[in-house]
Amino acid sequence: MKSLDATAARVLQIDGLGRKSLDGKKAAQRFGLLVEAHCQFLAKSKFMSGSSQEENEKTQLLNELVALVDGHRSIKVETKASHAAEREKVESATSMIRDEAMQRSSKRKTDPEDDGSSSTKKKSLTDMQQAEIDMEMQKSKYKKMKIQAEIDEKALAARSAQKRVS
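For the sequence shown, the tail end lands on 166 under UniProt numbering, and the numbers increase by one without skipping.
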């Protein structure tokens, strides 16, 4: 929000600006409206096949901004989906461990001759360790996906900056 406030302060310093006050929240709202209006314009203009349209600097800049905003939205959706998948994996691992424990406890109640031999203890310990290993692997996969998404986002930003320069 500080960066939006700083941007709003710089905009207020422009001569001939009709607004007397502008803060970061208002600037963000206006920016969102501008990008949304351009998205609607793009949606309408793709159906106008016979008309030729000139692209001025404003249109080109708005096209780049829409691409960046869409890229950010897709990254957010992917991140949300990966978080949901990770939560689902953790919940399934937890339920598996819980079910296994419930089955073992019911065996103990029904079989009084079994003294809890070491083989069942070793198996349960091995199952728990395997579940922990699987959980760590899922965490590392998620971190790799997150790092890759950040790299892709930086590359997209660099390309758009390079387009603006040239």
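Idealized CB from N, CA, C, for every residue including glycine.
Task: Nearest-angstrom Cα separation, counted from Ser106 out to Glu100 - done: The sequence position of residue 100 within the sequence shown is 100, counting from 1. The sequence position of residue 106 within the sequence shown is 106, counting from 1. One C-alpha to the other measures close to 10 Å.
- [ ] Measure the C-alpha to C-alpha separation of Leu34 and Gly18 and round it to an integer number of angstroms.
- [x] Counted from its first residue, the sequence shown places residue 34 at position 34. Counted from its first residue, the sequence shown places residue 18 at position 18. Their backbone Cα atoms lie some 17 Å apart in a straight line.
Task: Beta-carbon proximity check, Leu4 vs Gly71, cutoff 7 Å - done: For this step, residue 4 is matched to residue 4 along the sequence shown. For this step, residue 71 is matched to residue 71 along the sequence shown. Result no, Cβ atoms of Leu4 and Gly71 do not sit closer than 7 Å.
Task: Residue nearest to Glu86 in terms of C-alpha spacing, selected from Ser140, Phe41, Lys44, Leu68 - done: Sequence index remark: in the sequence shown, residue 86 carries index 86 (1-based). The option with the nearest alpha carbon to Glu86 is Ser140.
Open item on the list: Tell me the rounded alpha-carbon separation between Val165 and Gln138.
Closed with: Within the sequence shown, the letter at position 165 stands for residue 165. Within the sequence shown, the letter at position 138 stands for residue 138. Cα-Cα distance, rounded: 41 Å.
- [ ] Report the three-state DSSP secondary structure of Ile147 (helix, strand or coil).
- [x] Taking the first residue of the sequence shown as position 1, residue 147 is located at position 147. Looking at Ile147 - three-state DSSP - the assignment turns out to be helix.
Open item on the list: Taking only three categories from DSSP, how would you classify Met135?
Closed with: Taking the sequence shown and counting its residues from 1, one reaches residue 135 at position 135. Helix, per DSSP.
TODO: Assess, as a yes-or-no matter, whether the stretch 73 to 84 is touched by the stretch 120 to 138 under the definition of 3 or more beta carbon pairs within less than 8 Å.
DONE: The stretch 120 to 138, when compared against the stretch 73 to 84, does not touch it at the 8 Å Cβ threshold.
Open item on the list: Suppose the cutoff is 8 Å on Cβ atoms and the five residues either side in sequence are ignored; what does the same chain contact list for Lys163 look like?
Closed with: The count along the sequence shown starts at 1 and reaches residue 163 at position 163. Excluding five sequence positions before and after Lys163, the CB atoms of its chain that fall closer than 8 Å to its own CB belong to Glu64, given in chain order.
Task: Collapsed DSSP secondary structure at Gln13 in the structure displayed - done: For this step, residue 13 is matched to residue 13 along the sequence shown. When DSSP states are grouped into helix, strand and coil, Gln13 belongs to the coil group.
- [ ] Just mark Ala27 as buried or exposed, buried being the case when its beta carbon has 16 or more other beta carbons within 10 Å.
- [x] Working through the sequence shown from its first residue, we reach residue 27 at position 27. With 16 or more Cβ atoms within 10 Å of its Cβ, Ala27 is classed as buried.
Task: Glu54, DSSP secondary structure in three states - done: Against the sequence shown, residue 54 aligns to sequence position 54. Note: Glu54 maps to coil in three-state DSSP.
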